[in-house]
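Those protein sequences? They're chains A and B, same order as listed. Counting from 1, position 111 in the first sequence corresponds to residue 111 in this note's numbering; the numbering is continuous, with no gaps. Heads up: take any position in the second sequence, counting from 1, add 1000, and you land on this note's numbering. Okay, so here's the structure we're looking at.
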Amino acid sequence: MSDHGAAASGGSRRGLMPAFEFNLRTSVQSGQVAVGKFNGRHPSLACATPGGKVFLHSPHEPAAAVAPASSGEDGAEAPATTAPHVRFLNVNRQVTAVATGYMPVRRAGEAAAEASEPVPGDASASRDLLFVGTASSCLAYDVQSNADVFVADATDGAAALVVDRLPGISPADDAATGGAAPAVVAGGNCSLQAFDETGSEAAWLVTSDQVSAMATGRGLGGGAVDASSRDLLVASEDMELRAFRGDNVVMEATETAAVTGLSALAPGSFAYSLSNGTVGVYRGGQRLWRVKARGNATACLAFDLDADGDPEVLSGWASGKVEARRSDNGALVYRERAAAGSAGVAGLVSSDYRMGGSDDQAVVVGADGTVRGFLPVEAEAAAAAAGGGSLMDEKGADDKALDDLQAQKRVAELRLRSLKASVQAIKTGAISSGAIPAGAAVGVVARVVGRPRGGLPDPAAPRPRLELLVRCSARVQLRCAVALSLDAAVFDGESCVAVPLRGADAAAAAAQRLVGTDHDEAALANGALCIAATPPRNAALSLRVKAVAGARATADRFLSFDIPVTLPEFAGWRRMREDEEAKAVLPEGGVAFALKDRPERVAMWLNRSFLASEGPFEVSPDTGACRAVFVGVQPSAETPSTAAHNGLVLVVEASPQPAGGTAVRLRCDSMAETADVLQSLAASMGVEELVPRMAFPAEMRSIKGLLVAVQEANTVRLRLSADLADGANRVKSLVVRAEDARMRGDIVGMRGAYARLMTVNGELAGEHAKRAANHEALMGALRRINTAVQTAARLRLGPARAQLVADCRAALKTNNMAGMLSALQGAA
Amino acid sequence: MASAEVITGKASASAGSAPVPGVPANVDPVFYAQLKFRRRQYEPCIDICTELLQRNPYDRAVWLLKTRALTEQAYVDDTDLEEQGVADLLMDDNAMAQAPRPGTSINRPGTSSARPGSSLDPSIRPVTASGRPMSGFLRPSTAATAASGTARMRTGSARANSAFRGARAGSARPLTSLGRRVRLGTASMLSQKGGPFIDVQRLDLRKYAKRPQLAKALCDFLLYHDNNPRKAVELAAAATVVMGYSDWFWKSRLAKGYYMIGLMREAERQLRSALGHQPIVECFLELGKVYLRLDQPAAALDAFSRGAEASPSDVSLKLAVARTHELVGEAQLALEAFRRVLHYDASSAEAIASLAAHHFYSDQPEVALKHYRRLLQMGLFSAELWNNLGLSCFHAGQYDMTLTCFDRALSLAGDDAIADVWHNVAQVAVGLGDSALAYQALKVALAADASHAESMINLGVLELRRDRADTARSLFSSAQRLAPHLFEAWFNGALLSYKLGDFQEAYRQVSQALEAYPGHADSLELMKQLRRLFTLT
């Protein structure tokens, strides 16, 4: 979109200088690339390959120290060395994440003081460890001494790993640094686990969905940045970004696709890349810019390529393309197009991989094992290049302002020209009267239509749904309307187009039209357009509607309108009328709490956050209470939607208390929806600490069932893995037996052995399928439990929140079902 | 051990009135059976228990006693690293690093021990049939991991051949290590009258898990007698849950089961967790064993040392430390560790033997002689010991004792050691200048063990002196085929080819010699000469 930088520097190579390129001839799993100094001195590349292996490429270690490489690999490609210096590590399980980082290793017999902190200058003391995440564990491995440091159980898997000193998450460090000790954080299925250097769990946090990327940095969540704080940034597959400071969530944001890469920039800002080809930057918790392109961005990296102290955002793409953008405005600085047939970028890391001196190189690792290194352009070279005017940052502010004005001028000129042409046309009679009346206007109203029957609507009844009604003033007619939503999947895709129906189509549509929405008919007859929307979650959304209107439907001159529409947070809920309410089945679960404010404030909040299509919410004059019943919109069955509030009933009641303040009751069977409402209400009232009374009998029942399922799945898993290993042993012995028979020339015996081998192999495959199904079930149950913990935590505000998560974790660890349920309901 | 005695009172009440065969009159049969158990006379104990159980199959005390007696009968101390099976050697991918740095792996013994001057230098200390430096004490682990010696052995059928060969002459390796367990504990294969004592398939393990005393005995029975780690794991897992995940015993048994099945990582996790509850020596030993199987000697050393910190006077942990150092090739550290062992246990045969070997190979045969005599005083009486005594005497200049010692060694030696003794006799004969005796001794050695490569090499040298180059050449080449890790065979072959003028062949062989022992000075010299020849022409 903002490709104006491409013309200036797309072809030139002034931004990044290719420094080296070689091929390791091993495929690399996307995103699983890390670089670390495993001996404290020389950087090595650690990448995961399919088949449960991790390879290390250490070009700088003395050749004698690296074992002779396995046969069949000659190191012709390696630039500075003769041997390929690739070593493989067997993990024997599907590797899901690779990370490197320093962590003190306490070996028996060593003095604790010596081991706890790296001594400056002593390289071997500050060597990095390799961390490998698999679906069920997190392994810390000391490459230098070929020894495990710890293997920690990560029941939720370790899909992403990050190593850092995180205050509030890592254990406190007793050493003089005062900060936190390094910890490795494994992001798994709805949860984050932090391990200290002994492999014991230091913290456990909940997040939503499978974690897809993590990063750490200073002040990433925005707010005041103090020197010692470090935030943990977590992206999950449901497109959520969260920043944790300690165990508190300080920032939440929603992106439009799965996050593939996160990288901290200067304090307070970070860059991200999405699988739908978006690259962008957040600063202070707010999105600064984003750019979307075709393709799949697979990695991003903060890398200062022009030595101005402000790192650029480097992004790698599935097509093999690498591009660099400025972190403050997203202008393209450099782009390296992929050669034909080249594999995608698997990872980006920055390191002084050539060990040439002070400059780090950006190392691009391709999925086929191609490693490319790029040097940042020298500062002097940049200054010299500025004469050519090709570097964006050398352009003065005046030039930029002039550019903007020029663009505006071009637009104005175009418009003027078209007006002139149409005036000319009308005068000459080429068009009869296609001119648009001066007072033409188009308005957009969001409303919820459809009436549920009795709480749980029967399938035949029209479903309540959210519509954007595009209306225009009397003397013009709408030709078409386009609604765009860049933030969230309100429509199927990013946009939705509506055109007026004509003739028979219109009649058929009218026949199908909803019963009881009488004013609809009038509006639609007037040529209004109706766009169905399904807000995926309870969040305020801003949409744009572009409408094209003309004097007549057949006119050839149109005016286009661009109307911003803001949907309130709970646009997906429709208020029930009293007659409907009487028929509805009211929910049995809910929360109750007291507020200091009067019920009027609650009514105000209702008016702000819900669509008041049935008239504004008011406090009843006689009781002083405020009550509203809602039903969640339900998109038609054919439109896929992940919205959870389908057809649910929500009751908000606020009644004044004799002692002042308001007693609030939120009744809803879904904990998640209640939590959304509670959070919004608390935020608007400025409440910081809240522990409501809660009861969700239906959800508790299902959680109980889930806990039982988890227990069963765990028992079965143990037996299955033992069976599998036993089968593997039998396979081994049969292979040897067959080989033995072959060497002896006993063909009959060999055939027998191979026949049995085939049977055992088939059994093994079957066992594996069983195990996979069991794992799937276990993961599903664990995910739902973790989600429940997170939702329950969101029903509280203040310190009680972290306490609840800790209580739940303790109950989960000891398999204490009753404890878990009481912790969830806060009955402690 | 205590659990058998606890329930005596209850048991005596249930004893029948009719006399039980084998039990003296007026003696409670259960008490008598317990007495037999404590005297380690398991066979009569089992017989009495079987009889009692026939009368009352629901007598739990007798059942427990019989279970324990059967277990003890089949018990093997498995805290040492056991011999790995062929399949494990050929298809093992437990080791984390495929090509670890020198000195950090037990699979690459030659890498750090090649340091010149150390007593593990292959030019000073001979290597075993699997290519490791000869240790002073025969352990299954010293023979293990034969296949990963040199690059040439790592591929093809040469590797399979060497993997099939056992550590001792004339023996074959078991197929898998679990297979070896079955071979060791043949108890499970013995047919018992009236069917097996405990039919594991029909047991409700969860029910047993709730009775800790019975369950513990049953678990050990499954592990040691039945060699059924799968069922043991199931029982231990259920019992761990019953005990609220806080009993080290069940975690260590779980780990043992996992180890036997081959799930190293699971075993490691359980052992670490068990050690979190209580520092138990056995768990430290097992954890170290798991790490050695994962080829992570540094982590194993760490486990052993932490155990040694927790129980400072335990000898087995110190021995394990010493062994691990020796496996990695850290001769000096191993020496110190063995000395520490002796400090606590002055009669540790393994420590004494290892120290003796070290002193012998570092040119102090007198000290070695003292150590071997100590072993003799302790009551050890074996061909190997007499053989070593003989060698030490010879090198210490006590010629009068030498041949007597070898006499005794020969009279004691079985099939697996006799070739080595004759080989040593030949050595002594060469030292005495009696080449006819040496020639004869080597011939006898080869007659005893046709694949004794060292004897072949020496015989080859003797044949050369008799100007029979062709015989020598064929001897060298068969030694090369049998033991590619012996650099002597390659070097001698190369030298012979060089002298005969076959430079190309000499170059090939000397390269192999250098691969087996990169620091061999004579091979390097020969290589240099060959290179000069090649570049000149």
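Built from N, CA and C at the ideal position, the CB exists for glycine as well.
(1) Output needed for Q144/A: all residues of its chain with C-beta closer than 6 Å, excluding positions within five of it in sequence on either side, in chain order.
(2) Using a Cβ cut-off of 7 Å, which residues of the stretch 1202-1234 of chain B contact any Cβ in chain A, in chain order?
(3) Establish whether the CB of S126/A and some CB of chain B are separated by less than 7 Å.
(4) Quick one: what's V1076/B bridged to in DSSP?
(5) Starting from the Cα of E1454/B, find the closest Cα among A1438/B, D1420/B, T1471/B and give me that residue.
(6) Using only CA atoms, which one of G217/A, G221/A, V211/A lies nearest to A239/A?
(7) First and last residue of the beta strand (DSSP E) that includes N90/A?
(8) Can you name, in chain order, every residue of its own chain whose Cβ lies under 6 Å from the Cβ of G686/A, other than the five neighbours on each side?
(9) Looking at chain C, is there any beta carbon in it that lies within less than 7 Å of the beta carbon of T1240/B?
(10) Please work out which residues of its chain come closer than 6 Å, Cβ to Cβ, to V538/A, disregarding the five sequence neighbours upstream and downstream, and give them in chain order.
(11) Alpha carbon to alpha carbon, what distance is there between T134/A and A6/A?
(12) Taking 7 Å as the threshold (C-beta atoms), are A202/A and A186/A in contact?
(13) When DSSP labels each residue in this structure, what does A203/A get in the three-state scheme?
(14) Whose C-beta lies closer than 6 Å to the C-beta of M251/A among residues of the same chain, with five residues either side of it excluded?
(15) Residues in the same chain with beta-carbon distance under 7 Å from D142/A, minus the five sequence neighbours each way, listed in chain order, please.
(16) Verify the CB distance criterion: does A725/A have a CB-CB separation below 7 Å to chain B?
(17) In the DSSP assignment, find the unbroken alpha helix (DSSP H) run with Q1213/B in it and report its ends.
(18) Give me the subset of the stretch 142-164 of chain A whose CB atoms are less than 9 Å from a CB atom of chain B, sorted by chain position.
(19) Would a check of beta-carbon distances place L707/A closer than 7 Å to chain B?
(20) CA-CA distance, E689/A and R601/A?
(21) Mapping the DSSP letters down to three states, classify Q32/A as helix, strand or coil.
(22) Which residues, in chain order, does the stretch 727-761 of chain A contribute to contact with chain B at a C-beta distance below 8 Å?
(23) Residues of chain B with CB closer than 9 Å to the CB of R719/A, please, in chain order.
(24) Can you find a CB in chain A that lies within less than 7 Å of the CB of S1105/B?
(25) Could you confirm whether any beta carbon from chain B is found closer than 7 Å to the beta carbon of A722/A?
(26) Tell me which residue opens and which closes the beta strand (DSSP E) that K53/A is part of.
(27) Leaving out five residues on either side along the sequence, give the residues of the same chain with a beta carbon under 8 Å from the beta carbon of P1297/B.
(28) May I ask you to list the residues that DSSP assigns as paired with L690/A?
(29) Just grab the DSSP bridge partners of K546/A for me.
(30) Based on the DSSP output, what are the partners of Q361/A in its beta bridges?
(31) For E312/A and L166/A, I'd like the C-alpha separation in whole angstroms.
(32) So what does DSSP say about P697/A, is it helix, strand or coil?
(33) Roughly how many whole angstroms lie between the Cα atoms of L241/A and V423/A?
(34) What's the gap between the Cα of E1505/B and the Cα of Y1498/B?
(35) What residues from chain A crowd round E1268/B, counting only those whose CB sits closer than 9 Å?
(36) Along the chain, where does the beta strand (DSSP E) that runs through R665/A open and close?
Walking through what the data contain:
(1) Around Q144/A: F38, N39, R127.
(2) R1230, V1233, E1234
(3) no
(4) BP columns for V1076/B are empty, so no partner.
(5) D1420/B
(6) Reading the sequence as shown, one finds Met at residue 239/A and not Ala. Taking only the C-alpha atoms, the option nearest M239/A is V211/A.
(7) 86-90
(8) none
(9) Chain labels in this structure do not include chain C; the protein chains are A and B.
(10) Here residue 538/A is Asn; the residue named in the question, Val, does not match the sequence. E569, F570, D676.
(11) Because the pLDDT at A6/A is just 36, under 50, the model does not fix this residue reliably, and the value given afterwards should be weighed accordingly. Their Cα atoms are separated by approximately 40 Å.
(12) no
(13) strand
(14) G221, G222, A243, G285
(15) In chain order, V105, L129, V149 place their CB closer than 7 Å to the CB of D142/A, counting only its own chain and leaving out the 5 sequence neighbours on each side.
(16) yes
(17) 1212-1220
(18) D142, V143, Q144, S145, N146, A147, D148, V149, F150, V151, A152, D153
(19) no
(20) 18 Å
(21) Three-state result, Q32/A: coil.
(22) Those would be A728, N729, K732, S733, V735, V736, R737, E739, D740, M743, in chain order.
(23) R1230, V1233, E1234, A1237
(24) yes
(25) Using a Cβ-Cβ cut-off of 7 Å, A722/A counts as an interface residue toward chain B, since at least one Cβ of chain B sits closer than that to its own.
(26) 53-57
(27) T1104, S1105, I1106, Y1291, T1324, L1327, V1328
(28) L797/A
(29) V482/A, D562/A
(30) As a beta-bridge residue in DSSP terms, Q361/A pairs with S351/A.
(31) 25 Å
(32) helix
(33) 52 Å
(34) 8 Å
(35) D148, V151
(36) 662-667
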